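Participant:
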Amino acid sequence: QVQFVESGGGLVQPGGSLRLSCAASGITFSIYDMGWYRRAPGKERELVAGLTRRGGTNYADSVKGRFIISRDNAKKTVFLQMNSLKPEDTAVYYCKGAIGSTDYWGQGTQVTVSS
Numbered sequence: 007q008v009q010f011v012e013s014g015g016g017l018v019q020p021g022g023s024l025r026l027s028c029a030a031s032g033i034t035f036s037i038y039d040m041g042w043y044r045r046a047p048g049k050e051r052e053l054v055a056g057l058t059r060r061g062g063t064n065y066a067d068s069v070k071g072r073f074i075i076s077r078d079n080a081k082k083t084v085f086l087q088m089n090s091l092k093p094e095d096t097a098v099y100y101c102k103g104a105i106g107s108t109d110y111w112g113q114g115t116q117v118t119v120s121s
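Just so we're aligned, residue 7 is where the sequence shown starts under our numbering, counting upward by one.
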């Protein structure tokens with residue numbers, strides 16, 4: 007059974023940091039391209055950061071220089087380090103694993119940036 011489980015969300019003040027984790031099971035993690043997405047209230051889901059199995063990265067313009075995506079293949083986990091958080095980063099954050107035409111999604115973790 008394939009599972010992706012996110013953790014690390016919560017409430018943080020503007021300017022603060024959070025580190026999200028997404029632990030995978032049931033797959034050969036190292037061959038998957040991984041990504042973090044988010045859906046803010048009233049908005050479409052958007053790509054935040056992607057990390058290919060070969061180590062290539064891409065980021066949404068809104069998070070460049072603030073967020074860092076990384077992975078630990080031995081632990082089958084992808085991370086999203088989020089720094090200098092802003093209220094507009096408030097959203098449910100999802101991780102996705104992809105290989106070929108197959109996608110797997112986690113259940114999401116809420117991030118709220120508010121004073």
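Glycine is no exception: its CB is placed at the ideal position from the N, C-alpha and C atoms. Model, not experiment: these values are computed from the prediction.
Can you have a look at residue 75 and say buried or exposed, based on whether 16 or more other CB atoms are within 10 angstroms of its CB?
Facilitator: Classification for residue 75: buried.
Participant: By DSSP, does residue 33 sit in helix, in strand, or in coil?
Facilitator: Three-state DSSP puts residue 33 in coil, outside helix and strand.
Participant: Taking just the CA atoms, how far does residue 100 sit from residue 56?
Facilitator: Between residue 56 and residue 100, the C-alpha separation is close to 12 Å.
Participant: What does the alpha-carbon distance come out to for the pair residue 31 and residue 83?
Facilitator: Going from the Cα of residue 31 to the Cα of residue 83 covers about 9 Å.
Participant: Quick one, which of 40, 38 and 53 has its alpha-carbon nearest residue 97's?
Facilitator: It is 53 whose Cα lies nearest to the Cα of residue 97.
Participant: What first and last residue would you give for the beta strand (DSSP E) that runs through residue 84?
Facilitator: It spans 83–88 - the beta strand (DSSP E) in which residue 84 sits, taken as one unbroken run.
Participant: What number of angstroms, rounded off, separates the C-alpha of residue 66 from the C-alpha of residue 86?
Facilitator: When rounded, the distance between both Cα atoms is 13 Å.
Participant: Note down, in chain order, each residue of its chain lying with its Cβ closer than 7 Å to the Cβ of residue 112, except the 5 sequence neighbours on either side.
Facilitator: Cβ within range, chain order: 10, 11, 12, 28, 100 and 101.
Participant: In whole angstroms, give me the CA-to-CA distance for residue 104 and residue 51.
Facilitator: Approximately 16 Å, taken between the alpha carbons.
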